[in-house]
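Okay, structure first, notes after.
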Amino acid sequence: MEQFVGQEQICESCRNGELENLREIMASMSTSAIERPPELPESEHDDEVLVATDKVALIISNCMYQHLPKLVTPLCDAETLATALQDLKFKTVTLADLTLAEMKYLIKEYKKLLGTGVYGISIEYCF
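Residue numbers (full-length UniProt numbering): 1 to 127.
Here it is as structure tokens:
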């Protein structure tokens, strides 16, 4: 959980307090409080097992903006996300600081990879 508590210049006591507060919030959340979706009617495909023929992810991060200072975290976050998806057996492509024309072209090409049975994720990360 420490990764969710900021790394700003705060004292160790304050940081530990923030971490403990986050732990309490997480502990107070229970799955029983989450509303369950309504039951769906049975269908002829209920016993069908879905298997991905492939899993691919396109991750685009932008650090450079025309009217803003350069951002630091998008590239690191994109690499972290790529690693997590690779752990889930996704093939990942991570790109950074593309022009609009480059993004449009790559997304069009990426869609061609998404044939029948392919699980695809496209993430454009711009924070």
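By construction, the Cβ of each residue, glycine as well, lies at the ideal position given by its N, Cα and C atoms.
Measuring straight from C-alpha to C-alpha, what distance separates residue i and residue j?
i: L114; j: L95; result: 18 Å
i: C76; j: V93; result: 14 Å
i: V51; j: Y119; result: 9 Å
i: P74; j: E42; result: 43 Å
i: R15; j: A78; result: 25 Å
Taking the alpha carbon of residue i as the point to measure from, which residue in the options has its own alpha carbon closest?
i: I121; options: A101, E102 and A84; result: A84
i: T116; options: K70, N62, E79 and T53; result: T53
i: A57; options: L68, L81 and Q66; result: L81
Bridge partners of residue i, per DSSP?
i: K55; result: Y119
i: T94; result: I59
i: Y110; result: DSSP, once it has assigned bridges, lists no residue as partnering Y110.
i: L71; result: Paired residue(s): none; L71 is not in a bridge.
i: Y65; result: L68
Within 10 angstroms of the Cβ of residue i, are there 16 or more other Cβ atoms? Answer buried if so, exposed if not.
i: L88; result: exposed
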